[in-house]
Amino acid sequence: MTPTPRAALRRRLVDRAMTGLSFAAVLLALVPLASVLGYVVAQGITALNWAFFTQLPRPVGETGGGMANAIAGTLTLIGLASCIGLPVGILGGVYLGELGNGRLGGWIRFTADVLNGVPSIVVGIFVYTLLVVPMKRFSALAGGAALGIMMTPLVMRTTEELVRLVPATLREAALALGVPWRVTTLRVVLRTATVGVVTGVMLAVARISGETAPLLFTAFNNQYWQSRLDQPTASLTVQLYNYAIAPYDDWHRQAWAAALVLMTMVLVLNITARLVGRRQVSARRSS
Amino acid sequence: MEISNTLFSRALIDAAARAIPLEQVVADQIRAVQINAYYGRTHAVRGVSLGFAANRITAVIGPSGCGKSTLLRCLNRMHELVPGARVEGRVLLDGEDIYAPDVDPVAVRRRVGMVFQRANPFPTMSIYDNVAAGLRLNGVHDRRVLDDVVERSLRQAALWDEVKDVLGRSGASLSGGQQQRWCIARALAVQPEVLLMDEPASALDPASTLKIEELARTLRDNLTIVLVTHNMQQAARVSDSTAFMLSGELVEFRPTTELFTRPKDQRTEDYITGRFG
Amino acid sequence: MRSVLSPSALLPPRSGLTRGHQAWRDGAFRATLTACGVSVILLVAAVLVQLIAAAMPAIRQFGPSFLWTVRWDPVHSVFGALTYAYGTLASSLVALILAVPVSLGVAIYLAEIAPAGVSTVLSFVVELLASIPSVILGLWGIFVMAPWLRNAVEPALSRTLGWLPLFSGPPYGIGLLAGGMILAIMLVPIVSSVSREVLKTVPVTQREAAYAIGATRWEVIHRAVLPYGRTGIIGAVILGLGRTLGETMAVTMVIGNRPQISPSLFQPAYTIAAALANEFSEATTDIYVSALIELAMVLFVITLIVNAIARWLVWRLAPRGVVSA
Numbered sequence: 007m008t009p010t011p012r013a014a015l016r017r018r019l020v021d022r023a024m025t026g027l028s029f030a031a032v033l034l035a036l037v038p039l040a041s042v043l044g045y046v047v048a049q050g051i052t053a054l055n056w057a058f059f060t061q062l063p064r065p066v067g068e069t070g071g072g073m074a075n076a077i078a079g080t081l082t083l084i085g086l087a088s089c090i091g092l093p094v095g096i097l098g099g100v101y102l103g104e105l106g107n108g109r110l111g112g113w114i115r116f117t118a119d120v121l122n123g124v125p126s127i128v129v130g131i132f133v134y135t136l137l138v139v140p141m142k143r144f145s146a147l148a149g150g151a152a153l154g155i156m157m158t159p160l161v162m163r164t165t166e167e168l169v170r171l172v173p174a175t176l177r178e179a180a181l182a183l184g185v186p187w188r189v190t191t192l193r194v195v196l197r198t199a200t201v202g203v204v205t206g207v208m209l210a211v212a213r214i215s216g217e218t219a220p221l222l223f224t225a226f227n228n229q230y231w232q233s234r235l236d237q238p239t240a241s242l243t244v245q246l247y248n249y250a251i252a253p254y255d256d257w258h259r260q261a262w263a264a265a266l267v268l269m270t271m272v273l274v275l276n277i278t279a280r281l282v283g284r285r286q287v288s289a290r291r292s293s
Numbered sequence: 044m045e046i047s048n049t050l051f052s053r054a055l056i057d058a059a060a061r062a063i064p065l066e067q068v069v070a071d072q073i074r075a076v077q078i079n080a081y082y083g084r085t086h087a088v089r090g091v092s093l094g095f096a097a098n099r100i101t102a103v104i105g106p107s108g109c110g111k112s113t114l115l116r117c118l119n120r121m122h123e124l125v126p127g128a129r130v131e132g133r134v135l136l137d138g139e140d141i142y143a144p145d146v147d148p149v150a151v152r153r154r155v156g157m158v159f160q161r162a163n164p165f166p167t168m169s170i171y172d173n174v175a176a177g178l179r180l181n182g183v184h185d186r187r188v189l190d191d192v193v194e195r196s197l198r199q200a201a202l203w204d205e206v207k208d209v210l211g212r213s214g215a216s217l218s219g220g221q222q223q224r225w226c227i228a229r230a231l232a233v234q235p236e237v238l239l240m241d242e243p244a245s246a247l248d249p250a251s252t253l254k255i256e257e258l259a260r261t262l263r264d265n266l267t268i269v270l271v272t273h274n275m276q277q278a279a280r281v282s283d284s285t286a287f288m289l290s291g292e293l294v295e296f297r298p299t300t301e302l303f304t305r306p307k308d309q310r311t312e313d314y315i316t317g318r319f320g
Numbered sequence: 279m280r281s282v283l284s285p286s287a288l289l290p291p292r293s294g295l296t297r298g299h300q301a302w303r304d305g306a307f308r309a310t311l312t313a314c315g316v317s318v319i320l321l322v323a324a325v326l327v328q329l330i331a332a333a334m335p336a337i338r339q340f341g342p343s344f345l346w347t348v349r350w351d352p353v354h355s356v357f358g359a360l361t362y363a364y365g366t367l368a369s370s371l372v373a374l375i376l377a378v379p380v381s382l383g384v385a386i387y388l389a390e391i392a393p394a395g396v397s398t399v400l401s402f403v404v405e406l407l408a409s410i411p412s413v414i415l416g417l418w419g420i421f422v423m424a425p426w427l428r429n430a431v432e433p434a435l436s437r438t439l440g441w442l443p444l445f446s447g448p449p450y451g452i453g454l455l456a457g458g459m460i461l462a463i464m465l466v467p468i469v470s471s472v473s474r475e476v477l478k479t480v481p482v483t484q485r486e487a488a489y490a491i492g493a494t495r496w497e498v499i500h501r502a503v504l505p506y507g508r509t510g511i512i513g514a515v516i517l518g519l520g521r522t523l524g525e526t527m528a529v530t531m532v533i534g535n536r537p538q539i540s541p542s543l544f545q546p547a548y549t550i551a552a553a554l555a556n557e558f559s560e561a562t563t564d565i566y567v568s569a570l571i572e573l574a575m576v577l578f579v580i581t582l583i584v585n586a587i588a589r590w591l592v593w594r595l596a597p598r599g600v601v602s603a
């Protein structure tokens, strides 16, 4: 018994329609991406000038000025966050990869994922109660701590994955040479995973450099140069936010410029990391 | 061969207890005594006692899963690295029990080297750096010492002439056989007394296999070699004595020619005549 | 046979097998690694404890009714979370309704339909969407999306479906619809990439079995692949939900920030995260700060539960995917 031609036709049409719909979904998902990128580039380029990178913000009412202090602030905050997030994240990731098959490892893995999902604004408030209240002031340190807390689980989980990719035969080779476990882990296992770990770190830095919410009540903001870490510090993101919701055209212009700078930074980090990461993985697979 | 008094007296007691010919005991560099090894609940090695004579090649043969590799890994305390693995019994290295409570497994592995089934060079290091790795990772950084050791080890491994001009490069372009000799050089660089070889030629073509076998014969002058292989011809070609294992137990251990020509145990005969395994 | 420059002279004495300082150092290293791992557990516990402690005055004063009280009045120190909770849930719901079908389509296209090369490139591009900082999305939302909603989408909706309370009232642009839409944009890359991974775990035999009985590609996807991956896809959606509930900047910038509960999607609303962002640094009285921290605690607990459920669903499907190496 062959199916009726009508039914066969209907089935083929449904197949075509659903294929078309799923492709349309991809296009639909790309529209906002294209629009955001397009506007940020178009608006940002017209607003961006040398002063943006070299001058301080001007007071309300005056046009011009720049975000030099905010750029420096963002870099400072990333540096501080890395001081927390890199050692704890990488060593914790090595723990999960090398020793984490027991129950404790399971709990750590689970809480790392939970911490990764904690709203960034909640992290900001946590650090506010922990550091800002006792120190009685907003500070770069507090901002760095908040970003560091967000960075840690990200770095930890990628490090774990990459440490697990290191073949067991390399550990054996080193241990069989009479190399202590500590040295084997750091100089053979972690060394072999380095490119991947660096990739993971780049992605984590990209993620935190775009964060605003955890900085609102920790690093706060600052209109001036700030060299002390225990003082409030400007950042590109908070400055961008303040300018975007303010009613001045010149500030909007600067907000777009900040968006372009931030976006470039984030995308460059992301794309480099992914390209390097992909090469690394495919090289590993082919060997 | 230098033999201390304690070793000699212990060996005598041991020999008396087990009625092993004295001359064999005295020459044993490493000796397993009543070894039981487990993976979780699996009892992989069952009460094996076996002595490996100094400056000789001892082959351990048997069908896959008979526990020969596990036994080998008990000899340098690598077995215990597998999660859930456990070892009972003693292994005497120059008369000292390597499973004594105050023994550092790292020190054991420095004296008992190992070569694995597949070549496992460190991918981030050059040819030179791989051979130097054992010393470097243990804190030796004197360039003259390293140069000397790397050259000597590569010469011992019969690889020097093939790689002396590309020492700084990665070894990825070396053939499988070259890579395995490279890994042997790496193991030799820390000057072990015993070299454990776990099916070192099983992934290689016949020509490369022959080279590894020739290499093992020359290394015998300086080392005690334990060779685990599933290849009976290889054991017959290379080794001085051969142990046959089955289901975790030691069935028969005799000089190689005798074991292959006049096996005493029916199971050995079945195996070497190809009736199972 | 050993040369003068013997390495054995440089290594620790080889005759001794006894434990030296190395073993102790290995122990210390192991302890350091463990401490770094355990630190995340302590951190999450510390967040919980710290938030509860700081929220205690508000918890004592308002009790559980905090959760269902509408009034939020800093001047008279009366605080209820309901309007914020409503805004959070409503904006996330709008986001899910908009994003889930699109994400599923993307996941199906990338995992099942697109040729390998195309799939790799498109996955990469879609994931770039996830890397756009929320504050930039908010900026775009204010100046591009909201005007478009106000001038084009909302008038059209109101003309055609205006009889529904959902689409009633004047078009503001900024409001619940804008908040939901911006969240949907953030949701699509998350849900689609996790779903794609889930679909890839569906065994080839499942597909082959369906093809073998003469099914078309869509029938294979619909009857064999999707049912198999359903748990994981639900997990992916819940994972995305965890993100949207706590998302702050972009929503704060486009949702209007007016504490009200309105049936219309065009009207402004307020979310918990937005309230924290806007009011925290302006809170003057201790009880006001405490009430805000209680809001943060509520948000934390909700995302904790939502994330735990999502992890459980996704993990159950692929128990330690990479992990069993």
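Chains as they are written, first to last, in the working numbering: chain W, 7 to 293; chain Z, 44 to 320; chain C, 279 to 603. Glycine included, every Cβ here is placed at the ideal spot set by N, Cα and C. All of these numbers come straight from a predicted model, not from anything done at the bench.
Report the option in the options whose CA atom is closest to the CA atom of residue i.
i, options, result
"residue 151 of chain Z", "Z:273, Z:134 and Z:113", "Z:134"
"residue 158 of chain W", "W:207, W:144 and W:30", "W:207"
"residue 95 of chain W", "C:404, C:316 and C:359", "C:316"
"residue 166 of chain Z", "Z:175, Z:221 and Z:214", "Z:214"
"residue 82 of chain W", "W:248, W:261, W:215 and W:219", "W:215"
"residue 327 of chain C", "C:587, C:578, C:585 and C:302", "C:578"
"residue 240 of chain Z", "Z:185, Z:226 and Z:297", "Z:226"
"residue 78 of chain W", "W:196, W:41 and W:62", "W:62"
Count the other C-beta atoms from every protein chain shown that fall within 10 angstroms of the C-beta of residue i, then say buried if there are 16 or more, exposed otherwise.
i, result
"residue 159 of chain Z", "buried"
"residue 572 of chain C", "buried"
"residue 254 of chain Z", "buried"
"residue 317 of chain Z", "exposed"
"residue 276 of chain Z", "exposed"
"residue 147 of chain Z", "buried"
"residue 142 of chain W", "exposed"
Since residue i is in the beta strand (DSSP E), which residue starts that stretch and which ends it?
i, result
"residue 102 of chain Z", "100-104"
"residue 130 of chain W", "Segment 126-133 is the alpha helix (DSSP H) holding residue 130 of chain W; no beta strand (DSSP E) there."
"residue 549 of chain C", "Element bounds for residue 549 of chain C: n/a, residue is neither H nor E."
"residue 391 of chain C", "Run containing residue 391 of chain C: none; DSSP gives neither H nor E here."
"residue 211 of chain W", "Counting along the chain, residue 211 of chain W falls outside any beta strand (DSSP E), though it belongs to the alpha helix (DSSP H) covering 200-215."
"residue 72 of chain Z", "71-82"
DSSP three-state call for residue i: helix, strand or coil?
i, result
"residue 292 of chain Z", "strand"
"residue 105 of chain W", "helix"
"residue 270 of chain Z", "strand"
"residue 452 of chain C", "coil"
"residue 247 of chain Z", "coil"
"residue 135 of chain Z", "strand"
Do we get a CB-CB distance below 9 Å when we pair residue i with the residues of chain C?
i, result
"residue 276 of chain W", "yes"
"residue 56 of chain W", "no"
"residue 296 of chain W", "Nothing can be reported for residue 296 of chain W: it is not among the residues displayed for chain W, which extend from 7 to 293."
"residue 136 of chain Z", "yes"
Cβ of residue i less than 9 Å from any chain Z Cβ?
i, result
"residue 173 of chain W", "yes"
"residue 309 of chain C", "no"
"residue 179 of chain W", "yes"
"residue 392 of chain C", "no"
Hey, does residue i have any beta-carbon neighbour from chain W nearer than 9 Å?
i, result
"residue 564 of chain C", "no"
"residue 150 of chain Z", "yes"
Can you name the start and end residues of the alpha helix (DSSP H) that residue i belongs to?
i, result
"residue 147 of chain W", "146-171"
"residue 24 of chain W", "11-53"
"residue 527 of chain C", "527-532"
"residue 85 of chain Z", "Per DSSP, residue 85 of chain Z belongs to no alpha helix (DSSP H); it is in the beta strand (DSSP E), 85-96."
"residue 173 of chain Z", "170-179"
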